[in-house]
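Asker: Going by my numbering, the residue at position 29 of the sequence shown is 24; the numbering climbs one at a time, nothing skipped. The structure is given below, and queries will be raised subsequently.
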Amino acid sequence: MNETCPDCGLRFEREPGYFIGAMYFAYAISLPLGGVLSVIAWYLLRWQIWQCMLAAFVVYLPFVPWIVRYSRVLWLHWDRAIDP
Ligand SMILES: [Zn+2]
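Below is the structure:
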């Protein structure tokens, strides 16, 4: 991740640990996604629920880099809107 925006020079990480707040957005994205994937796995496979959750987790893993990136973007927008 760049330290500053190459276009406008905005410094992304305002303070140490700044992106810990992005975990709220990652959680908000991941929980419904995991639920939907679990239900899809249950509907298609008819396994036990823990097996469906495990299958959903395996399917979910490739989405983690995308979720981390966009949760940081959402956190940046949220934080800048509250405290510019
Ligand atoms: Zn910029």
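Ideal placement from N, C-alpha and C gives every residue a C-beta, glycine not left out.
(1) List, from N- to C-terminal side, the alpha helix (DSSP H) runs of 4 residues or more that fit wholly inside the stretch 22 to 65.
(2) Under the rule that 16 or more other beta-carbon atoms within 10 Å means buried, what is C0, buried or exposed?
(3) Which residue's Cα is closest to the Cα of A17: D78, I77, L32 and L69?
(4) By alpha-carbon positions, which one of S33, D78 and R9 ends up nearest to I44?
(5) Under 7 Å: does the beta carbon of L39 sit that close to some heavy atom of ligand 1?
(6) Name the DSSP beta bridge partners of P6, please?
(7) Is it buried or exposed for R67, if we count other Cβ within 10 angstroms and need 16 for buried?
Answerer: Considering the structure as presented:
(1) With a minimum length of 4 residues, the continuous alpha helix (DSSP H) runs that stay inside the stretch 22 to 65 are 44 to 55.
(2) Taking the first residue of the sequence shown as 1, we reach residue 0 at position 5. By the 10 Å Cβ count, C0 comes out exposed.
(3) Here residue 17 refers to the residue found at position 22 when the sequence shown is read from its first residue. Checking every option, the nearest Cα to that of A17 belongs to L69.
(4) As a first step, residue 44 must be located in the sequence shown, where it is residue number 49. Out of S33, D78 and R9, S33 has the C-alpha closest to the C-alpha of I44.
(5) Numbered from 1 along the sequence shown, position 44 holds the residue referred to as residue 39. Because no heavy atom of ligand 1 lies under 7 Å away, the Cβ of L39 does not count as near it: no.
(6) Looking up residue 6 in the sequence shown gives position 11. Note on identity: in this sequence residue 6 is Arg, with Pro being the wrong assignment. DSSP lists T(-1) as partners of R6.
(7) Looking up residue 67 in the sequence shown gives position 72. The residue in question, R67, is buried, as its Cβ has 16 or more Cβ neighbours within 10 Å.
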